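**Student:**
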């Protein structure tokens with residue numbers, strides 16, 4: 008079974024702080040990794056993807072990948088209440104993506 | 064912008080009815096997917112299609128079938144709806160090559176209630 012594991016949370020951070028979301032995966036054949044954000048009652052929307060070891064930055068978001076440790080993370084700087092959502096981690100697998108169950112993030116004013 | 068549309072946002076059906084959920088994408092994507100999402104269980108893949116008329120079972124195909132007669136359209140069929148199929152159904156599509164093209168784009172979802 009190819010699994011993607013995330014802490015369900017909720018992860019609570021104060022406004023303006025850095026939120027750190029983590030994910031591990033079991034399939035060493037996975038090449039690409041994705042972070043999606045999902046607001047309650049809405050569908051997932053892509054935040055960013057990463058496929059090389061190291062960091063990738065996009066605005067307030069930084070994705071980090073360590074293939075040796077099979078570990079992916081997402082950092083959100085200057086967290087805002089509008090960042091409160093569930094964050095899904097996904098790893099590529101042939102045609103499809105394996106999704107984690109998501110981490111709920113709550114940013115408190 | 065990629066656009067994935069689903070035929071209904073909300074649907075209420077009765078046990079035993081045949082249910083069709085339709086998904087259309089406008090970006091000439093090769094791959095299309097159907098998921099269901101339930102609290103505590105996350106996204107679970109039902110079926111996917113990597114080409115017209117080609118399909119593969121996902122993790123939970125029982126009680127479902129699919130049809131892909133045209134590249135842009137992927138239908139999910141519940142042959143005889145049951146109450147345990149009450150769920151949020153999400154369609155997604157992707158370009159179809161490795162790397163960033165694995166990115167899946169989701170439709171708005173259909174919340175199906177089976178009474």
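Protein chains in written order, with the working numbering: chain G, 8 to 116; chain X, 64 to 178.
Note that CB positions come from ideal geometry on N, CA and C, so glycine has one too.
Computed from a prediction, not measured in an experiment: that's the story for all the values here.
(1) Run down chain X in chain order and give the residues with a C-beta less than 7 Å from the C-beta of residue 68 of chain G.
(2) Just the C-alpha distance for residue 130 of chain X and residue 158 of chain X, rounded to the nearest angstrom, thanks.
(3) Going by Cα to Cα distance, which pick from X:172, X:144, X:137 is closest to residue 91 of chain X?
(4) Below 8 Å, can you find three or more Cβ-Cβ pairs linking the region 22-37 of chain G to the region 68-75 of chain X?
(5) Give the straight-line distance between the Cα atoms of residue 152 of chain X and residue 68 of chain G, rounded to the nearest whole angstrom.
(6) Using the C-alpha atoms, what's the distance from residue 141 of chain X back to residue 104 of chain G?
(7) Kindly say whether residue 107 of chain G, judged by its beta-carbon, lies nearer than 8 Å to any beta-carbon of chain X.
(8) Quick one: Cα of residue 20 of chain G to Cα of residue 80 of chain X, how far?
(9) Looking only at C-alpha atoms, which of X:99, X:98, X:104 sits nearest to residue 12 of chain G?
(10) What would DSSP say about residue 91 of chain X, mapped onto helix, strand or coil?
(11) I'd like to know if residue 165 of chain X contacts chain G, where contact means its C-beta is closer than 8 Å to some C-beta of that chain.
(12) What are the start and end residues of each continuous beta strand (DSSP E) run of 3 or more residues lying completely inside the region 88-143 of chain X, in chain order?
(13) Grab the span of the beta strand (DSSP E) containing residue 158 of chain X for me, first residue to last.
**Tutor:** Looking at the atomic coordinates:
(1) Under the 7 Å cutoff, chain X gives no residues; its nearest Cβ is about 15 Å from residue 68 of chain G.
(2) 19 Å
(3) X:137
(4) no
(5) 28 Å
(6) 23 Å
(7) yes
(8) 46 Å
(9) X:104
(10) coil
(11) yes
(12) 94-101, 105-114, 117-120, 127-133, 136-141
(13) No beta strand (DSSP E) contains residue 158 of chain X, which DSSP labels as neither H nor E.
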